[in-house]
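Novice: As given, the protein sequences belong to chains D and A, one line each in that order. Note that the numbering used here has the first sequence beginning at 86, numbered continuously upward. Note that the numbering used here has the second sequence beginning at 86, numbered continuously upward. Every residue gets a Cβ at the ideal spot worked out from N, C-alpha and C, and that includes glycine. These figures come from a predicted structure and were not determined experimentally. Here it is: the structure, laid out below.
Protein chains: 2
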Amino acid sequence: MTTTATLTPAQARSLFRDDYSGPTTGWAGGYTQTNLIAVPADWAYDVLLFCTRNPQACPVLDVSDPGEPTTRLARGADLRTDLPQYRIWKDGELVAEVADATEVWRDDLVAFSLGCSFTFETALAAEGVPLRHVDQGRNVAMYLTDRECEPAGRLHGPLVVSMRQIPADRVDDAVRITRAMPAVHGGPVHIGDPSGLGIPDLARPDFGDPVDAADGDVPVFWACGVTPQAALMASRPPYAITHAPGYMFITDRRDSDYRV
Amino acid sequence: MTTTATLTPAQARSLFRDDYSGPTTGWAGGYTQTNLIAVPADWAYDVLLFCTRNPQACPVLDVSDPGEPTTRLARGADLRTDLPQYRIWKDGELVAEVADATEVWRDDLVAFSLGCSFTFETALAAEGVPLRHVDQGRNVAMYLTDRECEPAGRLHGPLVVSMRQIPADRVDDAVRITRAMPAVHGGPVHIGDPSGLGIPDLARPDFGDPVDAADGDVPVFWACGVTPQAALMASRPPYAITHAPGYMFITDRRDSDYRV
Numbered sequence: 086m087t088t089t090a091t092l093t094p095a096q097a098r099s100l101f102r103d104d105y106s107g108p109t110t111g112w113a114g115g116y117t118q119t120n121l122i123a124v125p126a127d128w129a130y131d132v133l134l135f136c137t138r139n140p141q142a143c144p145v146l147d148v149s150d151p152g153e154p155t156t157r158l159a160r161g162a163d164l165r166t167d168l169p170q171y172r173i174w175k176d177g178e179l180v181a182e183v184a185d186a187t188e189v190w191r192d193d194l195v196a197f198s199l200g201c202s203f204t205f206e207t208a209l210a211a212e213g214v215p216l217r218h219v220d221q222g223r224n225v226a227m228y229l230t231d232r233e234c235e236p237a238g239r240l241h242g243p244l245v246v247s248m249r250q251i252p253a254d255r256v257d258d259a260v261r262i263t264r265a266m267p268a269v270h271g272g273p274v275h276i277g278d279p280s281g282l283g284i285p286d287l288a289r290p291d292f293g294d295p296v297d298a299a300d301g302d303v304p305v306f307w308a309c310g311v312t313p314q315a316a317l318m319a320s321r322p323p324y325a326i327t328h329a330p331g332y333m334f335i336t337d338r339r340d341s342d343y344r345v
Numbered sequence: 086m087t088t089t090a091t092l093t094p095a096q097a098r099s100l101f102r103d104d105y106s107g108p109t110t111g112w113a114g115g116y117t118q119t120n121l122i123a124v125p126a127d128w129a130y131d132v133l134l135f136c137t138r139n140p141q142a143c144p145v146l147d148v149s150d151p152g153e154p155t156t157r158l159a160r161g162a163d164l165r166t167d168l169p170q171y172r173i174w175k176d177g178e179l180v181a182e183v184a185d186a187t188e189v190w191r192d193d194l195v196a197f198s199l200g201c202s203f204t205f206e207t208a209l210a211a212e213g214v215p216l217r218h219v220d221q222g223r224n225v226a227m228y229l230t231d232r233e234c235e236p237a238g239r240l241h242g243p244l245v246v247s248m249r250q251i252p253a254d255r256v257d258d259a260v261r262i263t264r265a266m267p268a269v270h271g272g273p274v275h276i277g278d279p280s281g282l283g284i285p286d287l288a289r290p291d292f293g294d295p296v297d298a299a300d301g302d303v304p305v306f307w308a309c310g311v312t313p314q315a316a317l318m319a320s321r322p323p324y325a326i327t328h329a330p331g332y333m334f335i336t337d338r339r340d341s342d343y344r345v
């Protein structure tokens with residue numbers, strides 16, 4: 086049976102190119118998904134330095150040359166069309182969400198592909214750690230925190246985290262499994278009380294969907310590749326295109342390529 | 086007894102600031118050493134992108150702001166004075182080696198601190214893997230290879246490797262130990278026959294000292310932070326300052342901070 090989990094990356098990208106749109110959690114199981122942020126070339130150094138200084142939130146897996154909407158991570162892919170949903174930013178304001186970015190792409194854009202926590206979900210699932218948002222058919226829940234990232238040039242902003250409800254007796258496994266994957270956010274940045282990150286209410290995520298906890302679950306927080314979008318909001322570069330949170334690019338790389 | 090191995094990083098840097106010069110292998114045991122490459126700000130994006138695209142050779146641990154000869158890796162350190170030996174480059178040519186770079190530093194320089202394989206030597210030694218160059222009181226042997234790095238903007242050049250002679254029955258341990266430290270070059274890029282990397286003669290390293298093998302040793306090669314110096318030679322930016330190979334910066338970070 087073909088499900089979204091058993092699609093090949095190329096099949097998934099083809100669906101998105103044909104304007105199918107939806108969150109990609111659980112799609113093309115075993116293949117690495119990436120966050121996209123594309124900025125004008127004269128902002129590229131600031132973004133790359135911001136990522137370098139905040140590697141847990143912004144692990145860089147690929148950077149395109151200016152005007153090239155391609156990536157070494159997926160042969161033949163077009164970053165303008167092959168994601169399910171894009172966000173367009175002007176002066177730090179979200180001005181549109183589109184399923185195809187061809188019309189709004191610019192020749193001076195440099196595209197950054199950043200590691201995504203969906204990558205380690207395969208490893209968690211393989212060891213039987215439940216993924217509540219996948220079971221509930223929802224996007225992962227993401228939150229702005231009160232932790233400031235290390236600034237870089239003109240870029241600054243808060244850390245964004247993704248949260249997963251983990252049964253208390255599997256938290257140690259979740260830590261061990263994700264720590265072995267530093268290129269895709271690595272281990273948790275926080276475990277337990279959301280107020281430790283300045284998050285007022287888990288039921289009201291800043292990005293994605295609220296996810297129900299089971300009895301005995303503990304909220305576990307990982308640095309999230311949406312962090313650059315929070316930096317866009319705070320730092321207001323003139324133009325940017327990103328993925329919509331949870332609507333990721335699916336690469337041809339295996340998740341296992343990023344396990345140490 | 087105080088030896089170079091038991092010095093604190095601050096003590097070692099103070100010696101170098103007072104113009105003591107020598108290779109730093111084995112110094113300040115347990116503390117991370119870094120490669121230095123400083124380039125004019127208008128070359129900084131090319132260098133950072135080159136490092137991003139070649140992370141095994143060029144793992145970025147810190148980047149300074151233009152004109153700031155400091156690093157987050159060592160409080161109070163001055164990158165112009167606190168390394169034992171510097172190389173000055175003009176148009177890709179090595180024009181001088183100095184023990185103090187204060188006079189030749191420029192206000193537009195951006196300093197990159199890159200991970201160094203000396204970091205994993207602590208971990209190798211802790212598990213009883215012999216380090217021939219340390220035992221022989223020599224600098225590690227480094228070689229240009231016939232493998233091209235992924236180019237970035239105006240920067241291109243060959244991969245440089247460091248070589249350690251490892252007893253055949255400890256090669257698997259050396260692989261396991263270093264693979265767990267991806268921020269400091271990670272696992273070997275090649276094991277055995279040097280001609281597989283286009284190295285004609287182990288007795289004639291391109292950087293550092295020749296090192297004698299014991300019976301039953303196998304040469305094992307790791308990506309090396311001197312790789313950016315080979316890129317300088319190949320790509321000819323107008324100006325650069327680097328460490329002299331093997332004469333590293335000693336940070337306040339623990340080697341164990343970079344173990345996954």
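Assuming A208(A) is part of the beta strand (DSSP E), what are its boundary residues?
Specialist: Looking up residue 208(A) in the second sequence gives position 123. Unbroken run through A208(A) is the alpha helix (DSSP H), 203 to 211; no beta strand (DSSP E).
Novice: Counting only the same chain and skipping the five closest in sequence on each side, list residues whose C-beta sits under 7 Å from that of R321(A).
Specialist: Start at 1 with the first residue of the second sequence, and residue 321(A) comes out as number 236. Only D176, G177 meet the Cβ criterion.
Novice: Between A265(A) and chain D, is there a C-beta pair that is closer than 8 Å?
Specialist: Within the second sequence, the letter at position 180 stands for residue 265(A). It does: the Cβ of A265(A) has a partner Cβ on chain D nearer than 8 Å.
Novice: Using only CA atoms, which one of T156(D), M266(D), L229(D) lies nearest to S202(D)?
Specialist: The residue you call residue 202(D) lines up with position 117 of the first sequence. Checked all of T156(D), M266(D), L229(D); the closest Cα to S202(D) is M266(D).
Novice: How would you list, in chain order, the residues of chain A whose beta-carbon sits under 7 Å from the beta-carbon of L134(D)?
Specialist: Mapped onto the first sequence, residue 134(D) falls at position 49. In chain order: L133, V148.
Novice: Does T137(D) come within less than 8 Å of chain A when only Cβ atoms are used?
Specialist: For this step, residue 137(D) is matched to residue 52 along the first sequence. Taking Cβ atoms only, chain A reaches closer than 8 Å to T137(D), which makes this a yes.
Novice: Given this structure, state the Cα-to-Cα distance separating A289(D) from V260(A), to the nearest angstrom.
Specialist: By 1-based counting over the first sequence, the position of residue 289(D) is 204. By 1-based counting over the second sequence, the position of residue 260(A) is 175. The sequence shown places Arg at residue 289(D), rather than the Ala named in the question. Taking the straight line from one Cα to the other gives about 46 Å.
Novice: May I have the straight-line CA-CA distance separating G242(A) from L164(D), to the nearest angstrom?
Specialist: The sequence position of residue 242(A) within the second sequence is 157, counting from 1. The sequence position of residue 164(D) within the first sequence is 79, counting from 1. Looking at the two C-alpha atoms, the distance is approximately 28 Å.
Novice: For R327(D), which residues does DSSP report across the bridge?
Specialist: Stepping through the first sequence from its first residue, residue 327(D) is reached at position 242. Going by the sequence as given, residue 327(D) is Thr instead of Arg. Answer is I122(D), R172(D).
Novice: Hey, does A259(D) have any beta-carbon neighbour from chain A nearer than 8 Å?
Specialist: For the purposes of this step, residue 259(D) is identified with residue 174 of the first sequence, where counting begins at 1. Cβ-Cβ to chain A under 8 Å: no for A259(D).
Novice: Any idea which residues DSSP pairs M227(A) with across the strands?
Specialist: Walking along the second sequence from the start, residue 227(A) turns up at place 142. BP columns for M227(A) point to S247(A), F292(A).
Novice: Can you have a look at D167(D) and say buried or exposed, based on whether 16 or more other CB atoms are within 10 angstroms of its CB?
Specialist: Here residue 167(D) is taken as the residue at index 82 of the first sequence, counted from 1. It counts as buried.
Novice: Check the Cβ of V345(A) against every Cβ in chain D and list those closer than 7 Å, keeping chain order.
Specialist: In the second sequence, counting from the first residue as 1, residue 345(A) sits at position 260. Within chain D, the residues near V345(A) are R264, A265, P267, V345.
Novice: Report the three-state DSSP secondary structure of W307(A) (helix, strand or coil).
Specialist: Along the second sequence, read from residue 1 onward, the residue named residue 307(A) stands at position 222. DSSP places W307(A) in strand when its eight states are reduced to three.
Novice: So which residues on chain A does A129(D) lean against when the C-beta distance must stay under 9 Å?
Specialist: On the first sequence, residue 129(D) is found 44 positions in, with the first residue counted as 1. Here the neighbours are Y130, L134.
Novice: Less than 8 Å between the beta carbons of Q118(A) and G271(A), yes or no?
Specialist: The residue you call residue 118(A) lines up with position 33 of the second sequence. The residue you call residue 271(A) lines up with position 186 of the second sequence. It is not a contact, given that the beta carbons lie outside the stated cut-off.
Novice: Just to confirm before moving on: does the CB-CB distance between A325(A) and I122(A) stay below 8 Å?
Specialist: Residue numbering aside, residue 325(A) sits at position 240 when the second sequence is read from its first letter. Residue numbering aside, residue 122(A) sits at position 37 when the second sequence is read from its first letter. Cβ distance < 8 Å, so A325(A) and I122(A) count as in contact.
Novice: Going straight from the alpha carbon of R157(A) to that of P323(A), what length do you get?
Specialist: Residue 157(A) sits at position 72 when you count from the first residue of the second sequence. Residue 323(A) sits at position 238 when you count from the first residue of the second sequence. Computed Cα separation, rounded: 27 Å.
Novice: Note down, in chain order, every chain D residue with its Cβ under 8 Å from the Cβ of V145(A).
Specialist: Position 60 of the second sequence, counting from 1, holds the residue named residue 145(A). By Cβ distance, chain D contributes T137.
Novice: With a Cβ-Cβ cutoff of 8 Å, do A113(A) and I262(A) count as a contact?
Specialist: As a position in the second sequence, residue 113(A) is number 28, starting the count at 1. As a position in the second sequence, residue 262(A) is number 177, starting the count at 1. No.
Novice: Between the stretch 244 to 259 of chain D and the stretch 222 to 233 of chain D, are three or more C-beta pairs nearer than 8 Å?
Specialist: yes
Novice: What ranges does the alpha helix (DSSP H) occupy inside the stretch 124 to 192 of chain D, keeping only unbroken runs of at least 4 residues that lie completely in it?
Specialist: Here the runs fully enclosed are 129 to 138.
Novice: Could you please give me the residues that DSSP links to Y116(A) through a beta bridge?
Specialist: Translated into positions along the second sequence, residue 116(A) becomes position 31. Y116(A) pairs with R339(A).
Novice: For G213(D), count neighbouring Cβ atoms within 10 angstroms of its own Cβ and tell me buried if that reaches 16, exposed if not.
Specialist: Position 128 of the first sequence, counted from the first residue, corresponds to residue 213(D). That one is exposed.
Novice: What separation, rounded to the nearest whole angstrom, lies between the Cα atoms of E233(A) and A315(A)?
Specialist: Against the second sequence, residue 233(A) aligns to sequence position 148. Against the second sequence, residue 315(A) aligns to sequence position 230. The straight-line gap from Cα to Cα measures roughly 11 Å.
Novice: Express the C-alpha separation of H275(D) and V305(D) in angstroms, rounding to a whole number.
Specialist: Within the first sequence, numbered from 1, the residue matching residue 305(D) stands at position 220. Within the first sequence, numbered from 1, the residue matching residue 275(D) stands at position 190. If you take the alpha carbons of V305(D) and H275(D), they lie about 6 Å apart.
Novice: Would you decide whether E153(A) is buried or exposed? Buried here means 16 or more other CB atoms lie within 10 Å of its CB.
Specialist: Counting from one through the second sequence, the residue named residue 153(A) turns up at place 68. The residue is exposed, with fewer than 16 neighbouring Cβ atoms inside 10 Å.
Novice: Hey, would you say the C-beta of G238(D) is under 7 Å away from at least one heavy atom of the ligand FMN?
Specialist: Here there are no bound small molecules, and the ligand FMN is not part of this structure.
Novice: Taking the beta carbon of R338(A) as the centre, do at least 16 other beta carbons fall within 10 Å, making it buried, or is it exposed?
Specialist: The residue given as residue 338(A) occupies position 253 in the second sequence. Around the CB of R338(A), 16 or more other CB atoms lie within 10 Å, so the residue is classed as buried.
Novice: Who are the near neighbours of R239(A) in its chain, counting only those whose CB is closer than 8 Å to its CB and skipping five residues on each side?
Specialist: As a working mapping, residue 239(A) is identified with position 154 in the second sequence. The residues are W128, D131, S320, P322.
Novice: Going by DSSP in three states, S99(A) sits in which element: helix, strand or coil?
Specialist: The count along the second sequence starts at 1 and reaches residue 99(A) at position 14. S99(A): helix per DSSP, three-state reduction.
Novice: May I ask you to report which of helix, strand or coil DSSP gives V195(A)?
Specialist: In the second sequence, residue 195(A) corresponds to position 110, counting from 1. Of the three classes helix, strand and coil, the one that applies to V195(A) here is strand, per DSSP.
Novice: Just confirm the distance between the C-beta atoms of P144(A) and V269(A), as a whole number of angstroms; I'd bet it's less than 8 Å.
Specialist: As a working mapping, residue 144(A) is identified with position 59 in the second sequence. As a working mapping, residue 269(A) is identified with position 184 in the second sequence. Yes, P144(A) and V269(A) are in contact; Cβ-Cβ is about 6 Å, under 8 Å.
Novice: Please go through the same chain and pick out, in chain order, the residues whose beta-carbon is closer than 7 Å to the beta-carbon of L92(D), but skip the five residues on each side of it.
Specialist: Translated into the one-based positions of the first sequence, residue 92(D) becomes position 7. Cβ-Cβ distances below 7 Å link L92(D) to W112, A113 in the same chain, with the five nearest sequence neighbours on each side left out; the list follows chain order.
Novice: Can you check which of these residues, G293(A), P236(A), R191(A), is closest to P151(A) by C-alpha distance?
Specialist: Translated into positions along the second sequence, residue 151(A) becomes position 66. Of G293(A), P236(A), R191(A), the residue nearest in Cα terms is R191(A).
Novice: A184(A) to P169(D), Cα distance in whole Å?
Specialist: Residue 184(A) sits at position 99 when you count from the first residue of the second sequence. Residue 169(D) sits at position 84 when you count from the first residue of the first sequence. The alpha-carbon atoms of A184(A) and P169(D) are separated by roughly 55 Å.
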